[in-house]
Amino acid sequence: MSPAPALPEDRRFTALVLAADRGVGDPVSRAAGVDHKCLAMVAGTPMLERVIGALAESPQIGAIAVCLADPLLLDRFDGLAALRRSGRLSALPAAATPSQSVLQALDALDRPFPVLITTGDHALLSRAMVDHFCAESLSGGAAVTAGLTASGTLLARYPASRRTYLRFRDERYSGSNLFALLGTEGLEAVRLWRRVEQHRKQPWRIAALFGPILLLGYLLRRFSLDEAMARVSRRLGIAVSAVKMPFAEAAIDVDKPEDLDLVEQILGGPG
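Residues in the sequence shown are numbered consecutively from 1, following the working numbering.
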(Lines of atoms letter the chains of each structure in order from A and count residues from 1; the text may use other names and numbers.)
(Lines give C-alpha, C1' and ligand atoms only; values in the text may rest on other atoms or scores of the structure.)
Protein backbone atom coordinates (compact mmCIF):
# COMPACT_ATOMS: atom_id res chain seq x y z
CA MET A 1 0.00 0.00 0.00
CA SER A 2 1.66 3.27 -1.12
CA PRO A 3 1.85 6.19 1.35
CA ALA A 4 -0.97 8.71 1.10
CA PRO A 5 -0.04 12.14 -0.27
CA ALA A 6 -0.13 15.14 2.03
CA LEU A 7 -3.45 16.94 2.32
CA PRO A 8 -3.74 20.70 1.87
CA GLU A 9 -3.17 22.33 5.24
CA ASP A 10 -6.80 23.36 5.66
CA ARG A 11 -7.98 19.75 5.11
CA ARG A 12 -5.56 18.02 7.46
CA PHE A 13 -7.01 16.32 10.49
CA THR A 14 -6.46 17.52 14.02
CA ALA A 15 -5.51 14.43 16.03
CA LEU A 16 -6.92 14.10 19.53
CA VAL A 17 -5.40 11.40 21.74
CA LEU A 18 -7.39 10.33 24.82
CA ALA A 19 -4.78 9.28 27.38
CA ALA A 20 -6.45 9.55 30.78
CA ASP A 21 -6.64 6.28 32.71
CA ARG A 22 -7.61 4.66 36.01
CA GLY A 23 -4.35 5.57 37.75
CA VAL A 24 -2.03 3.19 39.57
CA GLY A 25 -4.92 0.75 40.11
CA ASP A 26 -5.07 0.02 36.40
CA PRO A 27 -3.89 -3.59 35.76
CA VAL A 28 -1.66 -2.51 32.87
CA SER A 29 -0.07 0.20 35.03
CA ARG A 30 0.60 -2.35 37.77
CA ALA A 31 2.05 -4.90 35.34
CA ALA A 32 4.30 -2.29 33.72
CA GLY A 33 5.31 -0.63 37.01
CA VAL A 34 4.23 2.86 35.91
CA ASP A 35 1.98 5.49 37.45
CA HIS A 36 0.05 6.12 34.23
CA LYS A 37 -1.02 3.46 31.76
CA CYS A 38 0.05 5.46 28.71
CA LEU A 39 3.63 5.44 30.05
CA ALA A 40 3.89 1.63 29.89
CA MET A 41 6.96 0.69 27.88
CA VAL A 42 6.52 -1.32 24.69
CA ALA A 43 9.71 -2.51 22.98
CA GLY A 44 11.61 0.23 24.79
CA THR A 45 9.24 3.13 24.06
CA PRO A 46 6.27 4.44 26.09
CA MET A 47 2.94 3.65 24.43
CA LEU A 48 1.90 7.29 24.24
CA GLU A 49 5.11 8.24 22.47
CA ARG A 50 4.45 5.50 19.90
CA VAL A 51 0.93 6.78 19.26
CA ILE A 52 2.00 10.40 18.85
CA GLY A 53 4.92 9.35 16.65
CA ALA A 54 2.62 7.49 14.26
CA LEU A 55 0.28 10.48 14.03
CA ALA A 56 3.15 12.91 13.47
CA GLU A 57 4.50 10.79 10.60
CA SER A 58 1.23 10.99 8.66
CA PRO A 59 0.84 13.80 6.12
CA GLN A 60 -2.89 13.60 6.81
CA ILE A 61 -2.41 15.02 10.33
CA GLY A 62 -1.82 18.63 11.31
CA ALA A 63 -2.01 19.60 14.98
CA ILE A 64 -1.93 16.91 17.69
CA ALA A 65 -3.50 17.32 21.13
CA VAL A 66 -3.38 14.88 24.04
CA CYS A 67 -5.96 14.74 26.85
CA LEU A 68 -4.18 13.73 30.05
CA ALA A 69 -5.08 13.59 33.73
CA ASP A 70 -1.91 15.64 34.26
CA PRO A 71 -0.84 17.65 31.18
CA LEU A 72 2.67 17.95 32.65
CA LEU A 73 3.17 14.26 31.83
CA LEU A 74 4.23 15.31 28.33
CA ASP A 75 7.35 16.84 29.87
CA ARG A 76 8.63 13.29 30.49
CA PHE A 77 8.92 12.62 26.75
CA ASP A 78 12.28 13.85 25.52
CA GLY A 79 11.56 12.33 22.11
CA LEU A 80 8.58 14.68 21.63
CA ALA A 81 10.39 17.86 22.67
CA ALA A 82 10.81 19.17 19.12
CA LEU A 83 7.16 18.53 18.33
CA ARG A 84 6.15 20.46 21.44
CA ARG A 85 8.50 23.34 20.66
CA SER A 86 7.08 23.60 17.15
CA GLY A 87 3.59 24.10 18.55
CA ARG A 88 2.27 21.07 16.68
CA LEU A 89 1.79 19.05 19.89
CA SER A 90 -0.18 20.30 22.90
CA ALA A 91 -1.53 18.86 26.15
CA LEU A 92 -5.05 19.38 27.47
CA PRO A 93 -6.58 18.35 30.81
CA ALA A 94 -8.81 15.27 30.64
CA ALA A 95 -12.41 15.51 31.82
CA ALA A 96 -14.33 12.97 33.89
CA THR A 97 -15.30 10.78 30.91
CA PRO A 98 -13.95 10.26 27.37
CA SER A 99 -16.89 12.01 25.70
CA GLN A 100 -16.54 15.01 28.01
CA SER A 101 -12.82 15.12 27.23
CA VAL A 102 -13.62 15.26 23.51
CA LEU A 103 -16.21 18.02 23.89
CA GLN A 104 -13.92 20.01 26.18
CA ALA A 105 -10.96 19.61 23.82
CA LEU A 106 -12.93 20.66 20.74
CA ASP A 107 -13.96 23.84 22.56
CA ALA A 108 -10.32 24.57 23.43
CA LEU A 109 -8.76 23.83 20.02
CA ASP A 110 -8.60 26.35 17.19
CA ARG A 111 -10.40 25.10 14.04
CA PRO A 112 -10.19 21.41 14.99
CA PHE A 113 -12.29 19.88 12.18
CA PRO A 114 -11.83 17.40 10.69
CA VAL A 115 -10.68 15.63 13.84
CA LEU A 116 -9.32 12.12 14.30
CA ILE A 117 -9.78 10.64 17.78
CA THR A 118 -7.67 7.77 19.09
CA THR A 119 -6.32 6.52 22.42
CA GLY A 120 -3.00 6.53 24.21
CA ASP A 121 -2.98 2.72 24.50
CA HIS A 122 -3.13 2.12 20.73
CA ALA A 123 0.49 0.97 20.85
CA LEU A 124 0.56 -0.60 17.36
CA LEU A 125 -0.83 2.45 15.58
CA SER A 126 1.14 3.15 12.40
CA ARG A 127 1.32 5.80 9.74
CA ALA A 128 -0.24 3.37 7.26
CA MET A 129 -3.28 2.91 9.52
CA VAL A 130 -3.66 6.66 10.00
CA ASP A 131 -3.30 7.35 6.27
CA HIS A 132 -5.87 4.68 5.35
CA PHE A 133 -8.40 5.76 7.96
CA CYS A 134 -8.16 9.47 7.10
CA ALA A 135 -8.36 8.89 3.34
CA GLU A 136 -11.40 6.60 3.66
CA SER A 137 -13.11 8.98 6.10
CA LEU A 138 -12.71 11.92 3.74
CA SER A 139 -13.85 10.03 0.66
CA GLY A 140 -16.97 8.45 2.13
CA GLY A 141 -19.07 11.58 2.63
CA ALA A 142 -20.07 10.74 6.22
CA ALA A 143 -20.11 13.19 9.13
CA VAL A 144 -18.77 10.55 11.54
CA THR A 145 -16.62 7.49 10.87
CA ALA A 146 -15.36 4.66 13.05
CA GLY A 147 -12.57 2.23 12.27
CA LEU A 148 -13.48 -1.46 12.54
CA THR A 149 -11.43 -4.60 11.90
CA ALA A 150 -13.07 -7.82 10.71
CA SER A 151 -12.47 -10.87 12.89
CA GLY A 152 -11.23 -12.73 9.82
CA THR A 153 -8.50 -10.12 9.28
CA LEU A 154 -7.43 -10.22 12.93
CA LEU A 155 -7.58 -13.97 13.54
CA ALA A 156 -5.82 -14.88 10.31
CA ARG A 157 -2.74 -13.17 11.70
CA TYR A 158 -3.22 -13.51 15.47
CA PRO A 159 -5.46 -16.53 16.08
CA ALA A 160 -4.95 -16.45 19.85
CA SER A 161 -5.93 -12.78 20.21
CA ARG A 162 -9.02 -12.24 22.35
CA ARG A 163 -11.08 -9.19 21.44
CA THR A 164 -14.60 -7.93 22.01
CA TYR A 165 -16.63 -8.07 18.81
CA LEU A 166 -19.66 -6.35 17.38
CA ARG A 167 -21.63 -9.09 15.64
CA PHE A 168 -23.41 -8.46 12.37
CA ARG A 169 -25.02 -10.69 9.77
CA ASP A 170 -21.99 -10.64 7.50
CA GLU A 171 -19.08 -10.70 9.96
CA ARG A 172 -17.83 -9.87 13.46
CA TYR A 173 -15.89 -6.63 13.85
CA SER A 174 -13.59 -5.35 16.56
CA GLY A 175 -13.23 -1.66 17.28
CA SER A 176 -9.95 -0.07 16.17
CA ASN A 177 -9.91 2.98 18.47
CA LEU A 178 -10.09 5.30 15.49
CA PHE A 179 -12.93 7.78 15.07
CA ALA A 180 -13.36 10.86 12.93
CA LEU A 181 -15.65 13.85 13.11
CA LEU A 182 -15.61 15.54 9.71
CA GLY A 183 -17.44 18.68 10.82
CA THR A 184 -19.48 20.23 13.60
CA GLU A 185 -22.50 18.05 12.76
CA GLY A 186 -20.45 15.10 14.05
CA LEU A 187 -20.81 16.49 17.56
CA GLU A 188 -24.26 14.88 17.65
CA ALA A 189 -22.54 11.49 17.85
CA VAL A 190 -20.37 12.69 20.75
CA ARG A 191 -23.45 13.90 22.58
CA LEU A 192 -25.03 10.47 22.10
CA TRP A 193 -21.82 8.91 23.42
CA ARG A 194 -22.09 11.12 26.50
CA ARG A 195 -25.68 10.01 27.11
CA VAL A 196 -24.58 6.36 26.81
CA GLU A 197 -21.85 7.01 29.42
CA GLN A 198 -24.39 8.58 31.75
CA HIS A 199 -26.64 5.50 31.49
CA ARG A 200 -23.93 2.82 31.50
CA LYS A 201 -25.50 1.18 34.59
CA GLN A 202 -29.00 1.34 33.08
CA PRO A 203 -28.97 -0.76 29.90
CA TRP A 204 -32.65 -0.23 29.22
CA ARG A 205 -31.99 3.50 28.90
CA ILE A 206 -29.14 2.85 26.48
CA ALA A 207 -31.47 0.68 24.40
CA ALA A 208 -34.00 3.51 24.32
CA LEU A 209 -31.39 5.87 22.86
CA PHE A 210 -31.06 3.67 19.76
CA GLY A 211 -34.65 2.52 19.50
CA PRO A 212 -36.09 -0.99 19.87
CA ILE A 213 -36.03 -1.92 16.16
CA LEU A 214 -32.34 -1.16 15.76
CA LEU A 215 -31.47 -2.88 19.03
CA LEU A 216 -33.54 -6.00 18.28
CA GLY A 217 -32.19 -6.21 14.74
CA TYR A 218 -28.65 -6.07 16.06
CA LEU A 219 -29.28 -8.73 18.72
CA LEU A 220 -30.82 -11.04 16.11
CA ARG A 221 -28.04 -10.26 13.60
CA ARG A 222 -30.55 -9.10 11.03
CA PHE A 223 -28.25 -6.33 9.74
CA SER A 224 -24.96 -6.31 7.91
CA LEU A 225 -22.45 -3.74 9.14
CA ASP A 226 -23.36 -1.31 6.36
CA GLU A 227 -27.09 -1.73 7.00
CA ALA A 228 -26.55 -1.07 10.71
CA MET A 229 -24.59 2.11 9.93
CA ALA A 230 -27.41 3.29 7.67
CA ARG A 231 -29.95 2.77 10.45
CA VAL A 232 -27.75 4.55 13.02
CA SER A 233 -27.44 7.41 10.53
CA ARG A 234 -31.21 7.72 10.26
CA ARG A 235 -31.53 7.60 14.04
CA LEU A 236 -28.98 10.39 14.57
CA GLY A 237 -29.95 12.46 11.56
CA ILE A 238 -26.33 12.52 10.31
CA ALA A 239 -24.32 10.21 8.07
CA VAL A 240 -22.31 7.64 10.04
CA SER A 241 -20.11 5.04 8.37
CA ALA A 242 -17.57 2.36 9.24
CA VAL A 243 -14.05 2.35 7.84
CA LYS A 244 -12.97 -1.27 7.44
CA MET A 245 -9.33 -1.51 8.46
CA PRO A 246 -7.21 -4.02 6.51
CA PHE A 247 -4.62 -4.13 9.31
CA ALA A 248 -4.94 -6.87 11.95
CA GLU A 249 -2.90 -4.76 14.38
CA ALA A 250 -5.47 -1.95 14.24
CA ALA A 251 -7.75 -4.00 16.52
CA ILE A 252 -5.11 -4.56 19.22
CA ASP A 253 -4.97 -1.99 21.99
CA VAL A 254 -3.60 -2.53 25.49
CA ASP A 255 -6.47 -3.07 27.91
CA LYS A 256 -4.94 -5.99 29.84
CA PRO A 257 -1.45 -7.17 30.84
CA GLU A 258 -1.70 -9.99 28.28
CA ASP A 259 -2.26 -7.33 25.59
CA LEU A 260 1.00 -5.74 26.68
CA ASP A 261 2.74 -9.09 26.24
CA LEU A 262 1.20 -9.57 22.79
CA VAL A 263 2.26 -6.12 21.63
CA GLU A 264 5.81 -6.76 22.88
CA GLN A 265 5.89 -9.98 20.86
CA ILE A 266 4.58 -8.29 17.72
CA LEU A 267 7.20 -5.56 17.96
CA GLY A 268 9.97 -8.00 18.73
CA GLY A 269 10.53 -6.87 22.29
CA PRO A 270 11.54 -9.06 25.24
CA GLY A 271 9.20 -11.97 26.09
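In this text, a Cβ means the ideal position worked out from N, Cα and C, and glycines have one as well.
What residue does the beta strand (DSSP E) around residue i start on, and which one ends it?
i, result
"Gly-147", "144 to 150"
"Gly-106", "Per the sequence shown, residue 106 should be read as Leu rather than Gly. Segment 98 to 108 is the alpha helix (DSSP H) holding Leu-106; no beta strand (DSSP E) there."
"Arg-272", "Outside the displayed span of the chain (1 to 271) sits residue 272, for which this structure offers no information."
"Thr-118", "115 to 119"
"Lys-244", "240 to 244"
Which residue wins for smallest C-alpha separation from residue i, given the options the options?
i, options, result
"Leu-72", "Ala-108, Ala-19, Arg-50, Asp-110", "Ala-19"
"Ser-86", "Ala-94, Ile-64, Ser-101", "Ile-64"
"Val-190", "Ala-105, Lys-37, Ala-54", "Ala-105"
Is the separation between the beta-carbon of residue i and that of residue j shorter than 8 Å?
i, j, result
"Phe-113", "Val-243", "no"
"Met-47", "Gly-152", "no"
"Arg-50", "Ala-143", "no"
"Val-254", "Val-263", "yes"
"Ile-117", "Leu-236", "no"
"Arg-172", "Leu-181", "no"
"Ala-95", "Ser-101", "yes"
Could you have a look at residue i and say whether DSSP puts it in helix, strand or coil?
i, result
"Ala-91", "strand"
"Arg-222", "coil"
"Pro-46", "strand"
"Gly-183", "coil"
"Ile-252", "coil"
"Arg-319", "Residue 319 is absent from the model: the chain starts at 1 and stops at 271."
"Ser-58", "coil"
"Ala-31", "helix"
"Pro-203", "The predicted model places Pro-203 with a pLDDT of 48, which falls under 50 and marks its position as unreliable, so this point remains unresolved."
"Gly-175", "strand"
"Arg-169", "coil"
Counting along the chain, where does the alpha helix (DSSP H) carrying residue i start and finish?
i, result
"Ile-266", "257 to 266"
"Arg-127", "127 to 139"
"Ala-15", "Here Ala-15 belongs to no alpha helix (DSSP H); instead the beta strand (DSSP E) covers 13 to 18."
Would you report the Cα separation of residue i and residue j, rounded to the nearest angstrom?
i, j, result
"Thr-149", "Ile-61", "22 Å"
"Ser-126", "Gly-268", "16 Å"
"Met-229", "Arg-111", "27 Å"
Check whether the Cβ of residue i lies closer than 8 Å to any Cβ atom in chain C.
i, result
"Leu-260", "You won't find chain C in this structure, because it holds only one protein chain."
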